[in-house]
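S.K.: Residue numbers (this note's numbering): 1 to 345.
Virtual Cβ for every residue (Gly too), placed ideally from N, Cα, C.
One structure, as C-alpha cells, below. Some questions next.
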Ligand code: SAH
C-alpha cells in the first residue's frame with residue numbers, strides 16, 4: 001500500500017496521523033505550516049521538528065512535490081509550467097500576472113473525459129484525478145519559483161473539477177486555511193462544464209468561491225454540438241442550477257463563452273444568450289476561442305466580438321472580453337501537455 005500523502009490531509013487528519021506517530025498535538029500545527037505556509041519540499045528542512053520525528057515521517061508518509069519539467073514564458077509575462085507527478089504523468093499550470101496580482105490556473109485532473117470539441121485537454125482522454133496535494137503543489141511550486149505572492153487561483157486548467165469533487169473540496173479548504181496560504185475563498189474560482197448534480201452539491205457547501213460555468217452556446221442544439229456533456233444535462237437545467245447557486249450562496253455566477261467564428265458569434269446568438277440569462281445576477285466572460293491545431297475552430301474577429309458584447313450590454317447583461325494571455329506560448333488549455341505527450345509517444 002502507498003504511504004499516506006500528508007499534504008492532502010486536512011488539519012484533523014494530520015492531527016490524528018501525528019498522534020499515531022506519538023507526537024504532541026502542536027507538532028501537527030508545525031508540520032501543517034511547513035507543508036502549506038512554507039511550502040517545504042522535504043522533511044529534512046523542517047528544522048523545528050526533532051530528527052527522530054522527521055525520520056518517522058519520511059518512513060511512514062509521502063511528501064508530494066511536483067517536478068518542474070518545462071516552463072514557457074510569454075512576452076506578456078504569462079508563464080506556463082509543465083510538471084511531472086510521482087507516477088510520471090504530466091500536468092500543466094499557468095501563471096498570469098495582472099495589475100491586481102498574480103493568478104495561477106491549475107489542473108484538477110491528468111487529462112479529461114468531457115470531450116469538449118474545441119479543447120486540447122480532452123484529446124488524450126482522462127488518466128486520473130489529481131490529489132489535493134497535487135493541486136496545491138502547482139500553486140506552491142509557482143509561488144516559490146517567482147518568489148511573489150499568489151493572490152488568485154482559478155481551477156480552469158486541464159480536467160473537470162466537479163468530476164473530482166471530494167479532492168476539490170479538500171483542496172479549497174487547505175488553500176483557504178489561515179495556517180497555510182490563506183487565500184480567500186473570494187479569490188478562488190472553479191470552472192465547470194456543467195455537471196448539474198455537482199453544482200447543486202457545491203451550492204450546499206455555501207462557500208465564498210466564484211463558480212464559472214462554461215456555457216459556450218445560447219441554446220441546447222449548439223451547445224450539444226460543442227459539448228457532449230450537454231446530452232446528460234440540458235442547457236436550461238444548467239442555467240437553472242446556476243440560478244439556484246446564486247440564491248444559496250449570494251455569489252454571482254460567471255458564464256464562460258468562447259467565441260468561435262461563424263459557430264456561436266452571430267447577433268441572433270447574442271440575443272438568444274441574453275434571453276437565456278435574462279433577470280439573472282451574472283457575468284459573461286467572452287473569449288475568442290484559442291485555436292487548437294487538432295480542431296478546425298477559428299476565433300471570431302474583433303468586430304464580431306465587439307458586436308456580441310454590445311448586444312449583451314444592450315440587454316443589460318454584464319459582459320467583458322477576456323484579455324488573451326499567453327497565446328504565443330500555446331495558451332489554450334492542455335496544449336502544452338498534449339504536445340509533450342505526442343513528442344514522448
Ligand atoms: N472543465 C472545466 C475547466 C477547464 S476548461 C470547464 O469546462 O469549465 C477552462 C475553460 O477554458 C472552459 O471554459 C473551457 O471551455 C475553456 N476552453 C477550453 N479550450 C478552449 C479553447 N481552445 N479556447 C478558449 N477556451 C477554451
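Does the ligand SAH have a heavy atom nearer than 8 angstroms to the CB of residue 160?
M.R.: Residue 160: yes, Cβ under 8 angstroms from the ligand SAH.
S.K.: Just verifying my parser: in three-state terms, what is the DSSP assignment at residue 197?
M.R.: DSSP places residue 197 in helix when its eight states are reduced to three.
S.K.: Under 8 angstroms by Cβ, that's how I've got residue 6 and residue 63 pegged, so tell me the actual separation to the nearest angstrom.
M.R.: That belief holds up - the Cβ atoms of residue 6 and residue 63 are roughly 6 angstroms apart, short of 8 angstroms.
S.K.: Select from 293, 295, 341 and 256 the residue whose C-alpha is nearest the C-alpha of residue 287.
M.R.: When each option's Cα is compared against that of residue 287, the closest is 256.
S.K.: Should residue 26 be labelled buried (16 or more other beta-carbon atoms within 10 Å of its own) or exposed?
M.R.: Looking at its Cβ environment, which holds fewer than 16 other Cβ atoms inside 10 Å, residue 26 is exposed.
S.K.: Could you round the C-beta distance between residue 149 and residue 102 to whole angstroms and report it? I think they count as a contact, below 8 angstroms.
M.R.: Between residue 102 and residue 149 the Cβ distance is about 7 angstroms, and since that is below 8 angstroms, they are a contact.
S.K.: Less than 9 angstroms between the C-beta atoms of residue 78 and residue 326, yes or no?
M.R.: For residue 78 and residue 326, yes; Cβs fall inside 9 angstroms.
S.K.: Taking all protein chains shown into account, decide if residue 197 is buried (16 or more other Cβ within 10 angstroms of its Cβ) or exposed.
M.R.: Classification for residue 197: exposed.
S.K.: Quick one: residues in its chain with C-beta nearer than 7 angstroms to the C-beta of residue 144, no 5 flanking neighbours on either side, listed in chain order?
M.R.: Excluding positions up to five away in sequence, the list reads 39.
S.K.: Is residue 138 buried or exposed, if buried means 16 or more other CB atoms sit within 10 Å of its CB?
M.R.: Buried: at least 16 other Cβ atoms inside 10 Å.
S.K.: Over the uninterrupted beta strand (DSSP E) stretch that includes residue 111, give me the two end residues.
M.R.: First-last of the beta strand (DSSP E) with residue 111: 109 to 111.
S.K.: Mapping the DSSP letters down to three states, classify residue 19 as helix, strand or coil.
M.R.: Here residue 19 sits in helix by DSSP.
S.K.: Using 9 angstroms as the threshold, is the C-beta distance between residue 110 and residue 90 below it?
M.R.: In this structure, residue 90 lies closer than 9 angstroms to residue 110 by Cβ.
S.K.: Report the option in 61, 337 and 167 whose CA atom is closest to the CA atom of residue 1.
M.R.: Of the candidates 61, 337 and 167, the one whose C-alpha sits nearest the C-alpha of residue 1 is 61.
S.K.: Assuming residue 105 contacts residue 154 (C-beta within less than 8 angstroms), just tell me the rounded distance between them.
M.R.: Residue 105 to residue 154, Cβ: 5 angstroms. Contact.
S.K.: With which residues is residue 212 paired in a DSSP beta bridge?
M.R.: Residue 212 pairs with 191 and 254.
S.K.: Looking at residue 118 and the ligand SAH, is the gap between the Cβ and the nearest heavy atom below 8 angstroms?
M.R.: Yes, the beta carbon of residue 118 sits closer than 8 angstroms to at least one heavy atom of the ligand SAH.
S.K.: Which complete alpha helix (DSSP H) runs does the segment 270 to 322 hold, if anything under 4 residues is left out?
M.R.: You should have 302 to 314.
S.K.: Per the contact definition of three or more C-beta pairs closer than 8 angstroms, is the segment 269 to 279 in contact with the segment 216 to 223?
M.R.: They touch, by the three-pair rule.
S.K.: Give me the Cβ distance between residue 300 and residue 328, rounded to the nearest whole Å; I'm assuming they're in contact under 8 angstroms.
M.R.: Not confirmed; about 20 angstroms, so no contact.
S.K.: State the start and end residues of the unbroken alpha helix (DSSP H) segment that holds residue 242.
M.R.: First-last of the alpha helix (DSSP H) with residue 242: 235 to 249.
S.K.: With DSSP as the reference, identify every bridge partner of residue 98, one or two as the case may be.
M.R.: Answer is 101.
S.K.: Counting Cβ pairs closer than 8 angstroms, one from the segment 155 to 167 and one from the segment 114 to 133, do we hit at least three?
M.R.: The answer is yes - the segment 114 to 133 touches the segment 155 to 167, with three or more Cβ pairs under 8 angstroms.
S.K.: Alpha carbon to alpha carbon, how far is residue 20 from residue 69?
M.R.: Rounded to the nearest angstrom, the two C-alpha atoms are 36 angstroms apart.
S.K.: Which first and last residues belong to the alpha helix (DSSP H) in which residue 55 is found?
M.R.: Note, residue 55: alpha helix (DSSP H), 51 to 60.
S.K.: Quick one: does residue 265 have its CB under 9 angstroms from some CB of chain D?
M.R.: This model lacks chain D altogether, as it is built from one protein chain only.
S.K.: Is residue 355 near the ligand SAH - that is, is its Cβ less than 8 angstroms away from at least one heavy atom of it?
M.R.: A query on residue 355 cannot be resolved here, the shown segment of the chain reaching from 1 to 345 and no further.
S.K.: If you count every other CB in all the chains shown that lies within 10 Å of the CB of residue 344, and 16 or more means buried, which is it?
M.R.: For residue 344, the predicted structure reports a pLDDT of 46, less than 50, and the residue's modelled location is therefore unreliable. The matter cannot be settled from this model.
S.K.: Do you know whose CA, among 133, 147, 214 and 338, lies nearest residue 189's CA?
M.R.: Answer by Cα proximity: 214.
S.K.: Would you decide whether residue 163 is buried or exposed? Buried here means 16 or more other CB atoms lie within 10 Å of its CB.
M.R.: Result: buried.
S.K.: Since residue 185 and residue 209 should fall inside the 8 angstroms C-beta cutoff, what is the C-beta to C-beta distance between them, to a whole number of angstroms?
M.R.: Indeed they touch by this definition, with Cβ atoms about 5 angstroms apart.
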